[in-house]
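Protein chains in written order, with the numbering used here: chain A, 1 to 132; chain B, 133 to 470.
Input: a single structure, listed below in structure tokens.
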Ligand SMILES: [Cu+2]
């Protein structure tokens, strides 16, 4: 196996951050929970069985915008790490530089997945107009 | 080789026919008899069709990846495959199926038009309390059987006094949970006459699997006649002193003597218990014990004498200790309640 000599100044593994990887999926989960709980509480406490869901639909729309902004920032930070240095895909060498790029790339992919999933969850606002 | 094929072919045809035969019957979502069930079956077929197409595509891709010549692909093409086939295609397919599935829900949740037949059903461990609301504001309490007029919407209000149950008549519609402290709704539009089967679809204790009910979809006139008959109090016993009438009369006395009346109502008699199913017309039902026994003399005897064996955990005490003449008389009396 060829071992590349890294001249790049990638962060040491102790300083590498795994948490950034799960930010987007977490936003997706929180978006889902907030949307669900808002609708459940609204329909149980405020709306009657046939009552309007309008405020909840707006709330979900706002949650969705916030979630997508968060996911975008997380994705962009991943993209920055993915583009670190001059190497391109695949980032599969056992070097601090490739680890840094790999984590960035994985963050980008997860952000994309989470964005789609968040939009899928938000799709209900186009189909439900009351608490039935 | 070809001889072997010749033998295998009918076997496969038979196997497929056997599997497909399971798709019909009184309790199949794939053999719909109601508008809601038709929609759900449609959804199933679209999903199944979509799954087959996607599966075939994936298998074809795998096959061509293994057998195709690597050198023929440029890097750009490969990237297109990965992004197109791995990201775009699944996202679009899922979005399409999601939109189709979600788009179906508002229609399924549409309330019945005002003036439709209204029925309250309460799921209780392990039977169904059924109340028909009549047009004049009255109420008829029945149990363990539901009849509906064909071509008319029927609006159900579902509830439960004990644990969560779920009301499901696969041939007619999707299922709806019955939740203590809440009232859930379900609207059915039966489209053809026939006898179907409903089943509790949420685990609710020992005899959850033994909590079913027959559903009869009838012509409108027959339904109206049936409801009128169900509304009437129990038939008064004949005054003649033939042996059969004597047996029925003895059963009626035994019903009060042994305390059956503490839990059961037989309208028109002193029996006014409200804990168990209404028995005013129990002899005219299609089944006994919430869809688990045929409605005949031996089954009545068995239900009374071996209640706990027929239905584990049942909340009705068994009457094994009564002399068998009493079982017989009770059964004759209940059968006479047409
Ligand atoms: Cu159950």
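Built from N, CA and C at the ideal position, the CB exists for glycine as well.
Source: prediction; values computed, not measured.
Residue pairing from DSSP places residue 317 of chain B in a beta bridge opposite B:289. Here residue 130 of chain A has 50, 51, 52 and 53 as same chain residues with Cβ atoms under 7 Å from its own Cβ, once five neighbours each way along the sequence are excluded.
By the CB criterion at 8 Å, residue 165 of chain B and residue 304 of chain B fall inside the cutoff. Listed along chain B are 234, 235, 237 and 238, each with a C-beta nearer than 8 Å to that of residue 127 of chain A. Nearest C-alpha to residue 226 of chain B among B:271, B:178, B:188 and B:349: B:178. Here the distance from the Cβ of residue 343 of chain B to the nearest heavy atom of ligand 1 is below 7 Å. Residues of the stretch 206 to 233 of chain B that bring their beta carbon within less than 8 Å of a beta carbon in chain A comprise 219, 223, 226, 227, 230 and 231, in sequence order. Straight through space, the alpha carbons of residue 319 of chain B and residue 240 of chain B are spaced by roughly 8 Å. Check the Cα spacing between residue 255 of chain B and each of B:248, B:384, B:224 and B:339: the tightest is with B:339. Rounded to whole angstroms, the gap between the alpha carbons of residue 273 of chain B and residue 264 of chain B is 7 Å. In the three-state reduction of the DSSP assignment, residue 330 of chain B falls in the strand class.
For the pair residue 399 of chain B and residue 42 of chain A, the Cα-to-Cα distance works out to about 43 Å. Those residues of the stretch 66 to 84 of chain A placed with their C-beta closer than 7 Å to a C-beta in chain B do not exist. Of all C-beta pairs linking the stretch 315 to 333 of chain B to the stretch 345 to 355 of chain B, three or more are shorter than 8 Å, placing the two stretches in contact.
Within chain A, the residues whose beta carbon sits less than 7 Å from that of residue 241 of chain B are 132, listed in sequence order.
Residue pairing by DSSP puts residue 250 of chain B in a beta bridge opposite B:265 and B:287. Cβ-Cβ separation between residue 468 of chain B and residue 373 of chain B: approximately 15 Å, too far for a contact (criterion under 8 Å).
Just so you know, the alpha carbons of residue 436 of chain B and residue 451 of chain B end up roughly 6 Å apart.
For residue 308 of chain B, the uninterrupted beta strand (DSSP E) segment begins and ends at 308 to 310. Distances taken from the Cβ of residue 141 of chain B to the heavy atoms of ligand 1 include none shorter than 7 Å.
If you compare the alpha carbons of A:15, A:100, A:76 and A:77 with that of residue 87 of chain A, the shortest gap goes to A:100.
Counting along the chain, no beta strand (DSSP E) covers residue 424 of chain B, and no H or E run does either. A heavy atom of ligand 1 is found nearer than 7 Å to the CB of residue 297 of chain B.
One alpha carbon belongs to residue 281 of chain B, the other to residue 355 of chain B, and they sit about 6 Å apart. The DSSP-derived three-state label of residue 273 of chain B is strand. Residue range 297 to 300 is occupied by the beta strand (DSSP E) that includes residue 300 of chain B. Placement of the Cβ of residue 256 of chain B at a distance of 7 Å or more from every heavy atom of ligand 1 is found. Neighbours of residue 124 of chain A in chain B, taken as residues whose beta carbon is under 7 Å from its own, are 234 in chain order.
Shortest Cα-Cα distance from residue 109 of chain A to any of A:38, A:71 and A:97 involves A:71. Legend: CB atoms of the stretch 95 to 123 of chain A lying less than 8 Å from CB atoms of chain B belong to residues 112, 116, 120 and 123. Looking at the backbone, the Cα of residue 180 of chain B and that of residue 211 of chain B are separated by about 29 Å.
Relative to the non-hydrogen atoms of ligand 1, the Cβ of residue 284 of chain B never comes closer than 7 Å to any of them. Excluding five sequence positions before and after residue 92 of chain A, the CB atoms of its chain that fall closer than 8 Å to its own CB belong to 98 and 102, given in chain order. Each residue's CA atom was taken as its position, placing residue 148 of chain B and residue 279 of chain B some 34 Å apart. For residue 131 of chain A, the shortest C-beta to heavy atom distance toward ligand 1 is 7 Å or greater.
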